[in-house]
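Chains as they are written, first to last, in the working numbering: chain S, 1 to 75; chain R, 1001 to 1156.
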Amino acid sequence: MKADRTIDCTGLFCPMPIVKVKREITKMKPGEILEIIADDPGFEKDLPSWCAMSGEIFLSLKKDGPIITGYIQKK
Amino acid sequence: MKDKMTIILFSGDLDKAIAAFTLATTAAASDMEVTIFFTFWGLNVIKKKRFTLSSPQNLMQRMFNIMSTGCLPTSKLNMAGLGAWMMKKMMKKARAASLSELMQLARELKVKFIACTTSLGVLGLTKEDLIEDIDEFAGASTYLAEAKAAKINLFI
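#1: Could you tell me which whole alpha helix (DSSP H) segments of length 4 or greater appear in the stretch 1010–1046 of chain R?
#2: Alpha carbon to alpha carbon, how far is R:T1074 from R:D1178? Give it in angstroms, no decimals.
#3: So which residues of chain S does R:L1043 contact, with C-beta pairs closer than 8 Å?
#4: Skipping 5 residues on each side, what residues in its chain have a beta carbon closer than 6 Å to that of R:Y1143?
#5: Is the CB of R:T1025 under 8 Å away from at least one CB in chain S?
#6: Our contact map puts R:T1006 next to R:A1147 with C-beta atoms below 8 Å; I'd like the distance itself, whole angstroms only.
#7: Quick one, which residues of the stretch 1103–1114 of chain R are near chain S if we go by CB-CB under 8 Å, in chain order?
#8: Can at least three beta-carbon pairs, one atom from the stretch 1059–1074 of chain R and one from the stretch 48–65 of chain S, be found at a separation below 8 Å?
#9: Measure the beta-carbon distance from R:T1025 to R:L1099 and round it to whole angstroms, keeping in mind my assumption that it falls under 8 Å.
#10: Compare the C-beta of R:D1015 with all C-beta atoms of chain S and state if any pair is closer than 8 Å.
#11: Could you check whether the Cβ of R:A1029 sits closer than 8 Å to any Cβ belonging to chain S?
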């Protein structure tokens, strides 16, 4: 998937990845896609949950070993 | 209208404060309006200095203040501060956010801080003893009015 922006949250634990996602998405325009790379295992569930709360659009998530890559779209 | 969350931070323990601020920052990053009501031991978390004799305190208040000097303890296995020291080391090693970082984040995310005036009075503390960015000084009614409008209310 082609992303407009990417943030690296590897090595970070809750709540930092979500806080970074929030910070980044506020700088983006509606429709733009954000790619997030993380390795906190909880992030796999936290990202879609956060999207459900914040209203941003959850697109997809893939796992490659411990690395989780998520894609969300700004509403 | 935004969803609301409130937390009463009654504990002055390092681990519990970290839990409270983790939830507060996550909720604020999820577009919720978050209020933390600091009362009793929880006031230790927002004290400017851990030990102060600047304000007029009676003997017992002074003793309380002296006894809650030093770093915030852990709620279990504190062992005169060794546990808290170890926990901070472990968190740093794991690159987890520290309490001060979480508190800083909470301020950036506009989490509202309310300090309980009754507890301040009982403990002989004044506004000057607390960190500067306290939004309100109030009591139970103010908290309840916020909690009534909130979907999530926690007592930690």
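Just so you know, even glycine gets a beta-carbon here, dropped at the ideal spot from N, CA and C.
Predicted model, so just to flag it, every value in this text is computed and none were measured.
In terms of the structure at hand:
#1: 1014–1029
#2: In the structure displayed, chain R extends from 1001 to 1156; residue 1178 of chain R sits before or after that span and is not available.
#3: The residue given as residue 1043 of chain R occupies position 43 in the second sequence. Per Cβ cutoff of 8 Å: no residues; R:L1043 is ~23 Å from chain S at best.
#4: Looking up residue 1143 of chain R in the second sequence gives position 143. Taken in chain order, the residues that qualify are F1037.
#5: Indexing the second sequence from 1 puts residue 1025 of chain R at position 25. Closer than 8 Å to some Cβ of chain S, the Cβ of R:T1025 qualifies, so yes.
#6: Sequence index remark: in the second sequence, residue 1006 of chain R carries index 6 (1-based). Sequence index remark: in the second sequence, residue 1147 of chain R carries index 147 (1-based). With a beta-carbon spacing of about 5 Å, R:T1006 and R:A1147 fall inside the 8 Å limit used to define contacts.
#7: L1105, L1109
#8: no
#9: Taking the first residue of the second sequence as 1, we reach residue 1025 of chain R at position 25. Taking the first residue of the second sequence as 1, we reach residue 1099 of chain R at position 99. Rounded, the Cβ-Cβ distance is 11 Å, inconsistent with contact.
#10: Within the second sequence, numbered from 1, the residue matching residue 1015 of chain R stands at position 15. No, because no Cβ of chain S sits closer than 8 Å to the Cβ of R:D1015.
#11: Here residue 1029 of chain R refers to the residue found at position 29 when the second sequence is read from its first residue. Answer yes: the Cβ-Cβ gap between R:A1029 and chain S drops below 8 Å somewhere.
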